[in-house]
Amino acid sequence: MDAAAAIPAPEPFRPAPSCVLSLDFAELKAKLATYLRPEDVGRIEAAYHFAASAHEGQFRISGDPYISHPVAVADIVADWHLDPQALIAALLHDVMEDTHISKQEIAERFGKTSAELVDGLSKLDKIEFRSQEEAQAENFRKMLLAMASDLRVILIKLADRLHNMRTLHCVRPAKRRRIAKETLEIYAPIANRLGLNNLFRELQELAFEHKYPMRYRVLSRAIKAARGNRREVVGKVSQAVEERLPQWGIAAEVFGREKHLFSIYRKMAEKHLSFSQVLDIYGFRVIVRDVPSCYLAIGALHSMYKPVPGKFKDYIAIPKANGYQSLHTTLIGPFGTPVEVQIRTAEMHHIAESGVASHWLYKEDEKTLTELQQKTHSWLQSLLELQSASGGATEFLEHVKIDLFPGEVYVFTPQGKILSLLKGATPVDFAYAVHTDIGNRCVACRINGDLMPLRTELRNGDQVEIITAAHANPNPAWLAYVRTGKARAQIRHFLKGAQHEESVALGERLLNQALRPHGLTLGQISAFAWDRFLRDRGVRSKKEVFADIGLGRRLPVIVARRVAQAQDLESGRPDVVKPKPAGAILIRGSEGIAVQLARCCQPIPGDPIIGVIRKGQGLEVHLHDCQLVAKLRGDRGRWVDVEWEAGEERLFDVTIRVLTKNVRGVLARVASAIADEDCNIQNVVMDNEQGGLYTAMSLTVQVRDRMHLAHVMRSVRRVPEVVRIGRTKSDVRS
1 MDAAAAIPAP EPFRPAPSCV LSLDFAELKA KLATYLRPED VGRIEAAYHF AASAHEGQFR
61 ISGDPYISHP VAVADIVADW HLDPQALIAA LLHDVMEDTH ISKQEIAERF GKTSAELVDG
121 LSKLDKIEFR SQEEAQAENF RKMLLAMASD LRVILIKLAD RLHNMRTLHC VRPAKRRRIA
181 KETLEIYAPI ANRLGLNNLF RELQELAFEH KYPMRYRVLS RAIKAARGNR REVVGKVSQA
241 VEERLPQWGI AAEVFGREKH LFSIYRKMAE KHLSFSQVLD IYGFRVIVRD VPSCYLAIGA
301 LHSMYKPVPG KFKDYIAIPK ANGYQSLHTT LIGPFGTPVE VQIRTAEMHH IAESGVASHW
361 LYKEDEKTLT ELQQKTHSWL QSLLELQSAS GGATEFLEHV KIDLFPGEVY VFTPQGKILS
421 LLKGATPVDF AYAVHTDIGN RCVACRINGD LMPLRTELRN GDQVEIITAA HANPNPAWLA
481 YVRTGKARAQ IRHFLKGAQH EESVALGERL LNQALRPHGL TLGQISAFAW DRFLRDRGVR
541 SKKEVFADIG LGRRLPVIVA RRVAQAQDLE SGRPDVVKPK PAGAILIRGS EGIAVQLARC
601 CQPIPGDPII GVIRKGQGLE VHLHDCQLVA KLRGDRGRWV DVEWEAGEER LFDVTIRVLT
661 KNVRGVLARV ASAIADEDCN IQNVVMDNEQ GGLYTAMSLT VQVRDRMHLA HVMRSVRRVP
721 EVVRIGRTKS DVRS
């Protein structure tokens with residue numbers, strides 16, 4: 001309110017004589033007068049006349065004057081008792097998008113804050129996008145980033161979406177389904193994340209009705225038909241609870257309610273149930289005075305009806321991420337019917353219905369923020385982190401959608417701090433939730449004191465300890481099982497950065513090699529020649545060229561020829577001694593993402609090798625006689641001469657096939673022979689041959705080089721039961 005008072009009153013807006021107060025705005029004005037000062041209501045009325053004038057002559061699909069929509073949005077916002085700037089923005093939220101009004105004009109008349117809110121709500125219509133999905137993602141990204149700086153943006157947007165959903169019946173069916181799908185996937189989950197329970201439920205119901213109209217109608221009829229049969233159960237439970245609680249000294253209000261259609265439908269879909277099998281379509285809320293009464297009430301209820309094991313949840317001790325607090329229990333009621341009960345205080349009930357809008361504070365000292373506001377603030381900050389780590393708007397939207405899915409698991413740090421993660425989250429998600437650096441350097445974990453794999457799904461109450469190493473890096477395999485948007489975004493961000501750096505280094509080496517037949521090295525290419533080449537090709541920098549070569553997007557021989565031509569066209573080549581026409585790139589086998597050892601032939605140091613440039617993947621090293629590169633013989637531009645670098649100390653996977661007599665203990669003897677040569681077995685696959693007379697073993701072993709492999713195979717060959725041994729080549733493409 002103080003912030004609103006500080007803004008100077010706008011220049012009086014004089015409406016046209018025909019622009020009078022609509023009945024809808026008159027009702028809104030009466031509602032505003034109950035909690036705003038007269039001068040603030042006057043400023044909002046000026047905004048109404050301004051919007052009515054701007055939208056004059058525009059109509060909605062339903063045929064109503066367009067101004068009816070902004071007024072309806074402002075009316076929803078007023079229910080949350082938002083401040084004058086937010087109400088002005090609600091009335092003006094479409095003027096920048098649909099009329100000639102500019103942000104500057106709004107700022108001059110109604111203040112900078114309202115103008116910023118309207119700008120955050122306006123779509124990016126003037127930018128051309130490749131697809132509707134990309135446009136939607138970019139608009140959503142802009143809105144969320146505006147929301148991160150001012151939460152009022154998303155509250156107005158949610159009110160806007162709610163009114164559009166209420167009037168969606170006028171839209172053509174295909175568009176109706178698309179908007180309903182978007183509402184279910186994005187806007188309803190955001191409302192839930194902000195604790196706006198009433199809004200969340202209504203958006204779900206409306207989206208369900210428009211996305212699946214036939215299912216909605218059938219289920220609605222089934223509910224009405226069953227209502228009379230189940231009314232007796234509801235009456236009995238309500239009466240029994242209202243009689244029992246005062247006996248325990250508990251003053252309470254008891255409300256019986258019918259569950260929403262969408263929650264019943266989702267339960268039927270997830271558990272593959274028919275409607276007749278869904279028994280708990282009614283629930284009860286018990287509103288008590290204070291927190292001790294909540295726990296006392298749960299005892300009273302459990303003494304009346306048997307609780308269902310595993311269905312008691314204490315969201316008072318551990319609130320949900322959106323600030324929701326209640327005790328939940330499911331009881332076996334009369335006639336064996338399950339009955340769900342929620343117990344909460346009046347304040348908890350208020351927060352459960354209105355969420356973050358229930359305490360409206362702006363720019364307050366962080367020490368005075370409620371726990372709910374602090375959680376919301378943390379979530380908004382995490383959106384900014386996701387944005388910086390995501391590659392684009394579509395990827396950002398994907399990451400946000402992941403975090404909006406319902407379902408949470410609560411785990412503990414070794415210090416006893418509680419973290420809330422998505423259901424199905426792993427220790428890697430936990431590590432990134434603690435800190436990005438912890439996630440990037442994670443190598444192992446302990447769950448409840450025991451060493452466990454990083455892909456283990458966490459359960460409620462687990463204590464998780466992350467083990468880190470100073471030089472560790474994220475593993476691309478983590479993307480297959482992490483659940484949270486932050487973990488996924490940070491892993492992708494790191495891998496992209498690492499791939500880019502490695503691709504630049506590799507591309508530089510490849511181009512330098514390709515320049516040798518032209519009698520040049522990279523150091524001899526003048527800055528003028530580079531400028532000419534980059535200008536002609538429309539490329540920003542040399543690094544971009546190197547990265548494209550390293551990723552296989554450009555062939556080094558073609559780039560080398562064009563760079564050499566550019567050098568000729570400039571000041572001429574310097575008079576230098578031509579270097580040798582060939583020089584192989586040295587391969588260590590541990591370069592990382594840009595250089596990969598092919599899995600089809602599993603080259604190891606000592607093998608004759610060849611490099612093949614694969615588009616988008618970089619340099620792939622194969623055996624010289626690998627069948628998969630035989631078809632590339634004619635495409636010399638994709639071949640690269642490579643050699644093993646001496647002195648590399650690491651282990652390489654290679655598969656050997658051993659045929660043995662089928663006798664007891666033969667695997668142990670083969671494994672012992674391999675271990676005698678200081679070799680580790682990574683994987684074993686066994687199969688019977690010739691009616692069970694022989695056993696074929698495929699063993700993936702780790703060796704240092706070709707000589708080490710020869711020693712291993714010689715040792716295995718000495719086992720008396722071994723009939724044949726050889727090195728195998730998989731058919732799997734890398």
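Going by the UniProt record's numbering, the first residue of the sequence shown is number 1, and it counts up by one from there. A virtual CB, placed ideally from N, CA and C, is assigned to each residue, including glycine.
In this structure, Val701 keeps its C-beta atom at 7 Å or more from the C-beta atom of Ile725. Within its own chain, the residues whose Cβ lies closer than 6 Å to the Cβ of Ala72, once the five positions on either side in sequence are excluded, are His163, listed in chain order.
Distance from the CA atom of Trp478 to the CA atom of Leu454, rounded to whole angstroms, is 8 Å. If you draw a 10 Å sphere on the C-beta of Cys442, you find 16 or more other C-beta atoms in it, and that means buried. Taking Val428 as reference, the option from His210, Val464, Pro338 with the minimal CA-CA separation is Val464.
Under DSSP, the beta-bridge partners assigned to Leu451 are Arg446. Between Ala317 and Trp248, the C-beta spacing is not below 7 Å.
Going by C-alpha positions, Thr113 is about 37 Å away from Glu209. Here Ser420 carries a strand assignment [DSSP, helix/strand/coil].
In the same chain as Thr183, and ignoring 5 residues on each side of it, the C-beta atoms closer than 7 Å to its own belong to Arg161, Met165, Leu203, Ala207, in chain order. Where Tyr694 is concerned, the enclosing beta strand (DSSP E) starts and stops at 694–703. Take Pro65, set aside five residues on each side of it, and the residues of its chain with a beta-carbon closer than 7 Å to its own are Phe59, in chain order. Glu677 is positioned such that its CB atom lies no closer than 7 Å to that of His622.
The residues Gln490, in chain order, have a CB closer than 6 Å to that of Thr436 in the same chain once the five nearest residues on each side in sequence are set aside.
The DSSP-derived three-state label of His93 is coil.
Leaving aside the five residues that flank Ile610 on each side, the residues in its chain whose CB is nearer than 7 Å to its CB run, in chain order, His622, His624, Val629, Trp639, Val642. Two segments are said to touch when three or more pairs of C-beta atoms, one from each, lie closer than 8 Å; by this definition the stretch 345–354 touches the stretch 276–288. Here Phe284 is near Gly256, since their CB atoms are less than 7 Å apart. For Pro84, the closest C-alpha among the options Gly63, Arg37, Pro70, Glu56 is that of Arg37.
Residue pairing of His622 in beta bridges, as defined by DSSP: Ile610. Boundaries of the beta strand (DSSP E) around Gln682: 680–689.
Counting along the chain, no alpha helix (DSSP H) covers Leu628, and no H or E run does either. With a cutoff of 7 Å on beta-carbon distance, Ser62 and Cys170 are scored as near each other. Judged by DSSP in its simplified three-state form, Ala252 adopts strand.
A direct Cα-to-Cα measurement between Leu551 and Arg614 gives close to 7 Å.
Sequence-distant partners of Gln325 (beyond 5 residues in either direction) whose C-beta falls short of 6 Å from its own C-beta, in its chain, are Tyr315, Ile316, Pro319, Met348.
For Gly726, the enclosing beta strand (DSSP E) stretches over residues 722–727. Sequence-distant partners of Glu508 (beyond 5 residues in either direction) whose C-beta falls short of 6 Å from its own C-beta, in its chain, are Phe546.
Using a Cβ distance threshold of 7 Å, Glu97 and Asn198 do not count as a contacting pair. Contact between Ala529 and Ala566 holds, with the beta-carbon distance rounding to 4 Å and staying under 8 Å.
In the three-state DSSP reduction, Ile549 falls in the helix class (H, G or I).
Counting the other Cβ atoms within 10 Å of the Cβ of Ile332 gives fewer than 16, which makes it exposed. Judged by DSSP in its simplified three-state form, Thr183 adopts helix. Each of Arg599, Gly42, Val233, Val719 was checked against the Cα of Ile281, and the nearest Cα belongs to Val233. Per DSSP, the continuous beta strand (DSSP E) segment holding His328 begins and ends at 327–332. The DSSP-derived three-state label of Leu82 is coil.
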